[in-house]
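Reading through the structure tokens given below for one structure.
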Amino acid sequence: MAIIAMSFVSLLGSQSQSISIAGISRFETTAAMLAREKLTELQLAGFDRLGNSAGRFEDDFTDYSWQTEVRELSEDETGLTGTDGMLKLVTLEVSRGEDINQIFTVRSVIMTDIEPAEAE
1 MAIIAMSFVS LLGSQSQSIS IAGISRFETT AAMLAREKLT ELQLAGFDRL
51 GNSAGRFEDD FTDYSWQTEV RELSEDETGL TGTDGMLKLV TLEVSRGEDI
101 NQIFTVRSVI MTDIEPAEAE
């Protein structure tokens, strides 16, 4: 009887862990999709409109929120000469509810549009 009880406890632990892993996987998959969507939206809005902001997703994802932190990258940080004012680092966090363990963070460098030089 003791062996059966120990086996049962072990099985319950495995099942609980599987459910937890499935929940984490579902969050990460959904958050990655939402982050990709938000980054695309930010890029389409234009380089000059990039700034710190926050909000909630709509439709089926109202329990997910997002927050961006944007800062310009200097030549010293990138090691690329002639790029001052041309690159911004966007840090995007997607979170679900108030759970601090469910935060998905993405960083992306966005470059301004370059105007072609006029022919002489």
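According to UniProt numbering, the sequence shown is numbered sequentially starting from 1.
The beta-carbon is built from N, C-alpha and C at its ideal position, and this holds for glycine as well.
Since the model is a prediction, treat every value here as computed from it, not as a measurement.
Residues sharing a beta bridge with residue i, DSSP
{"i": "Gln67", "result": "Ala54, Glu93"}
{"i": "Thr105", "result": "Glu93"}
{"i": "Lys88", "result": "Glu72, Ile110"}
Assigned exposure category for residue i - 16 Cβ within 10 Å defines buried
{"i": "Ala117", "result": "exposed"}
{"i": "Arg96", "result": "buried"}
{"i": "Val109", "result": "exposed"}
{"i": "Thr40", "result": "exposed"}
{"i": "Leu44", "result": "exposed"}
{"i": "Thr30", "result": "buried"}
{"i": "Ala35", "result": "buried"}
Cβ pair residue i, residue j closer than 8 Å
{"i": "Glu98", "j": "Gln67", "result": "no"}
{"i": "Thr81", "j": "Arg107", "result": "no"}
{"i": "Glu28", "j": "Phe104", "result": "yes"}
For residue i, three-class secondary structure by DSSP
{"i": "Ile100", "result": "coil"}
{"i": "Leu34", "result": "helix"}
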